[in-house]
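Per this note's numbering: the sequence shown = residues 368 to 651.
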Amino acid sequence: MTAKAARYMVIVTIAICALCVRPARAQNSFEDAIKQKFDSLARQPNTITITGMALGPNDAATGMMIPPGWGGSGTSLFGGLGGTYPEEYRNNKPDLIASGGFCIGDPRKYVNFAAGLNMTDVHRFRDFSENFIVSREISTGNSLSVGVLQAFATAKQSDAPSATFYVAYSHAVQWLPSQTPGYSALSYTIGIGNGRFLNKSPDDIATGKGKHGTGVFGGLSYEIIKHTNLSAEWDGQNLGVSVTTRPFVKTPFSIGLGAANLTRYTGNRTSMVFSLGYPLALTK
368 MTAKAARYMV IVTIAICALC VRPARAQNSF EDAIKQKFDS LARQPNTITI
418 TGMALGPNDA ATGMMIPPGW GGSGTSLFGG LGGTYPEEYR NNKPDLIASG
468 GFCIGDPRKY VNFAAGLNMT DVHRFRDFSE NFIVSREIST GNSLSVGVLQ
518 AFATAKQSDA PSATFYVAYS HAVQWLPSQT PGYSALSYTI GIGNGRFLNK
568 SPDDIATGKG KHGTGVFGGL SYEIIKHTNL SAEWDGQNLG VSVTTRPFVK
618 TPFSIGLGAA NLTRYTGNRT SMVFSLGYPL ALTK
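Spelled out as structure tokens, the structure:
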């Protein structure tokens, strides 16, 4: 049975991969703006409103350890690999997870729905669970997601006694544009959930760290160089920092590297975490 920090890092891999789907659509932000203008004129032929170009979330992932309010866009397949080293309360070994899934739907007009399958014991090819996320862009630069993570996990293999439910809100700051046109350089997320965001692991409880965290999570992400973000995140129980980047501008491949458990609230040491994600857009 793997430790909680490793599991949690992997659980949000699907959210990171779903977020990576967005840049492919955001690269056509000018086309989207023109389309929206014509749609608006069609609905109100006698009214003309001129507005500025909306900024979307940065084209690199805006964090690693919490689920964002942003989701996918259009119809896409995605896959990812995540992990942590060393495991909490275990020997100095890495813990890995693989995740894959799909998303469908327009979050601006309706909603986007994402579903993914986790394999949290890669070495033994077992311990499967599912994630389901619904996201909606509620206004310019604002998005809301509702999800369930690690659902239907096998109790004998998983350290998750039940699924985690959450709600997250994200905002892309409109007054601070990215070095890449159409994106924001600064964004933040705040959310609330149970399970992973609230309940501490049996090892934490046994070592006197209490039974519960805050249940509230949040993060702040800033573009330090083009296509690269620095993020600070509170996962409801502990603090982490990460750097996420898109190393190849013409592809949506995403890499993240960070450090989790920076305080003594959970775990017995700081762990390094990483993630790799690649989405394949079928439609925009």
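Heads up, the beta-carbon is just placed ideally off N, CA and C, and yes, glycines get one too.
Remember, it's a predicted structure, so these values are computed and weren't measured experimentally.
Where D571 is concerned, there is no enclosing beta strand (DSSP E), although the alpha helix (DSSP H) around it starts and stops at P569 to A573.
When DSSP states are grouped into helix, strand and coil, F499 belongs to the strand group.
The beta carbon of V583 sits closer than 7 angstroms to the beta carbons of I559 and G603 from its chain, once the five residues preceding and following it are set aside; these are given in chain order. Going by DSSP, G508 is part of no beta strand (DSSP E) at all; its letter is neither H nor E.
The C-alpha of L649 lies about 5 angstroms from the C-alpha of S443.
At a cut-off of 3 residues, the continuous stretches assigned as beta strand (DSSP E) that sit fully inside the segment 588-628 are 595-601, 606-612 and 621-627. Under a 10 Å Cβ-count criterion, T429 is classified as buried, with 16 or more other Cβ atoms of the shown protein chains found around its own Cβ. With a threshold of 16 other beta carbon atoms within 10 Å, R503 meets it and is buried. For G558, the enclosing beta strand (DSSP E) has its first and last residue at L553 to G560. Taken through DSSP and simplified to helix, strand or coil, F519 comes out as coil. No Cβ-Cβ contact shorter than 8 angstroms links S588 with M431. Within a 10 Å sphere around the beta-carbon of H594 sit 16 or more other beta-carbons, which makes this residue buried. Between A539 and G508 a beta carbon distance of about 4 angstroms is seen, short of the 8 angstroms cut, so the two are scored as contacting. Here F492 carries a coil assignment [DSSP, helix/strand/coil].
Here the C-alpha atom of S554 lies approximately 8 angstroms from the C-alpha atom of N425.
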